[in-house]
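Enquirer: So in this note's numbering, spot 184 of the sequence shown is number 184, and the numbers just go up one at a time. Cβ coordinates follow ideal geometry from the N, Cα and C atoms, glycine included.
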Amino acid sequence: MEKTIIQFQKEFFVKPPQKRVFLIHGDEPYLIKNFLSKLKEKYGDNYKVLWGDDITEEEFYANISETSIFGNLKENAVVLYNFEDFLKKLGRKKKAKEFLIKTLKNIKSNYLFIVFDRKLQKQELSAEPYKSIQSFGMVIVAGRLSKEKIKQLVLKKFREKDIKIEEKAIDYLLELTEHNLMELKLEVEKLIDYAFETKTLDFEEVKSIAFAISENANLFEFIDAFLMGEGEKAVKLLDTLYRWGIHPLQIQKILVSYVIKLYTAQRLLEQGKDLNTVLESLGIKNNYAKLKFKNYIQRNDTEKLKRMLSFLQRIDMFEKIYFQNPEDMFKDFVMSFALTSAKG
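1) Can you tell me where the beta strand (DSSP E) with A142 in it begins and where it stops?
2) In angstroms, rounded to a whole number, what distance separates the CA positions of G52 and N300?
3) On a Cα-Cα basis, can you pick out the residue from V334, L291, A169 that is closest to F311?
4) Below 6 Å CB to CB, which residues in the same chain sit around N108 once its five sequence neighbours on both sides are set aside?
5) Starting from G231, trace the alpha helix (DSSP H) in both directions and tell me its first and last residue.
6) Run the CB neighbour count on Q123, radius 10 Å, all protein chains shown included, and call it buried at 16 or more, exposed below.
7) DSSP three-state label for G26, please.
8) Once the 5 residues before and after A234 are set aside, which same chain residues still bring their CB inside 7 Å of it?
9) Tell me whether F70 sits in a helix, a strand or coil according to DSSP, three-state version.
10) I'd like the list of long-range same chain contacts for N325, defined as Cβ closer than 7 Å, with 5 residues on each side in sequence excluded.
11) N63 and N110: beta carbons closer than 7 Å?
12) Here's the rule I'm using: 16 or more other beta-carbon atoms within 10 Å means buried, otherwise exposed. How should M182 be labelled?
13) Just curious, the alpha helix (DSSP H) that L77 is in, first and last residue?
14) Please confirm whether A142 and G26 have their CB atoms less than 7 Å apart.
15) Could you have a look at V14 and say whether DSSP puts it in helix, strand or coil?
16) Using the Cα positions of L184 and V278, report the straight-line distance between them to the nearest angstrom.
17) Do E187 and A210 have their C-beta atoms closer together than 7 Å?
18) Give me the Cα-Cα distance between L120 and N106, rounded to the nearest whole angstrom.
19) Could you please give the first and the last residue of the uninterrupted alpha helix (DSSP H) stretch that includes K290?
20) Here's a check: name, in chain order, each residue in its chain whose Cβ is nearer than 8 Å to the Cβ of L262, leaving out the five neighbours to either side.
See the structure below:
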């Protein structure tokens, strides 16, 4: 069975379906992130996020388990990313795949959302375990919306706030963002705040306020600001990434890779190694990237990097074992290091 994510979202929050396992895929990430955001609001502490490349088979089955030490079941919404990486861990073991399918089929009280960041092809969906999952679960597709549909969605947002916007201004905004829903979300929020009192927006106002941004650019701007000790900027960029729907574990994973490289570089430099040789040995060969890392090395000594790694390992444990809120924990980490560095 297959439904569009817009149709599914309308139905799910009014009358949840009997089916318990859902494959969510498509080429419009904003629609997926928007649905998951609403799902998190609904389930609160019973909303769990798993990463297929980061968990063992035992951890996966424990997280979708429906047993309770107190005897009463709680309905959880479990979101699984990187399912393909999890399947690789099963290898070619037929029994392991059969056990996976049987376990998913027998889920009765929890909801499992297997989320992809791309559109699956028919050939992929016809292979196991996807084929079997479709027989007892549901496929949810987040397809690209037409330009006219996107325009109507944007206009609806302004109408909901009683804000009148010039046609020319709307067209400019859509062209600037290339109809990217994620970018439009941020720009519309900004413009609504701006027009809170006047309730009107003309072309010149939109032109002076709106600007196109990039998810990746903001992610690496955040990394740069954090490692350069620009505390306030780093915190603001992190909040922007959260509003984009970027999961904190994704940001955390990239930052960890930077910190490990910097810590390794500092240790090798302490042994008297040449800086350029050290950077190239770590895979940093581009001149611009080398310059960036040289600046990071100057701003972050070995002891500080060691404390960062220790802190990151600790919050990783609390997130995965004790299910602490990753957004709050990672933001506390950023504020602890970035804002302290800025004051120092």
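Expert: Reading from the atomic positions:
1) Segment 138-142, the beta strand (DSSP E) holding A142.
2) Near 32 Å, if we compare the C-alpha coordinates of N300 and G52.
3) Ranking V334, L291, A169 by Cα distance to F311 puts V334 first.
4) It should be pointed out that residue 108 corresponds to Lys in this sequence rather than to Asn. Same-chain partners within the cutoff: there are none.
5) That run of the alpha helix (DSSP H) goes 231-244.
6) So Q123 ends up on the exposed side.
7) Of the three classes helix, strand and coil, the one that applies to G26 here is strand, per DSSP.
8) Only residues of its own chain outside the window of five on either side were considered, and among them F222, A225, F226, V334, A338 have a CB closer than 7 Å to the CB of A234, listed in chain order.
9) In this prediction, F70 scores a pLDDT of 48, lower than 50, which makes its location untrustworthy; the coordinate-derived value is nonetheless stated afterwards. Residue state, collapsed to three classes: coil.
10) Counting only residues of its own chain and dropping the five nearest sequence neighbours on each side, N325 has no CB closer than 7 Å to any other CB.
11) Against a cut-off of 7 Å, the Cβ pair of N110 and N63 comes out as no contact.
12) Counting Cβ neighbours within 10 Å, M182 comes out buried, since at least 16 surround it.
13) The amino acid occupying residue 77 in the given sequence is Ala; Leu does not appear at that position. No alpha helix (DSSP H) holds A77; the beta strand (DSSP E) holding it covers 77-81.
14) Yes, the pair counts as a contact, with Cβ atoms nearer than the cut-off.
15) Collapsing the DSSP output to three states places V14 in coil.
16) The straight-line gap from Cα to Cα measures roughly 42 Å.
17) In this structure, E187 sits near A210, with a CB-CB distance shorter than 7 Å.
18) Those two C-alpha atoms are separated by around 24 Å.
19) DSSP places K290 in the uninterrupted alpha helix (DSSP H) bounded by 287-299.
20) Contacts found: L227, F293, Y296, I297, N300, L305.
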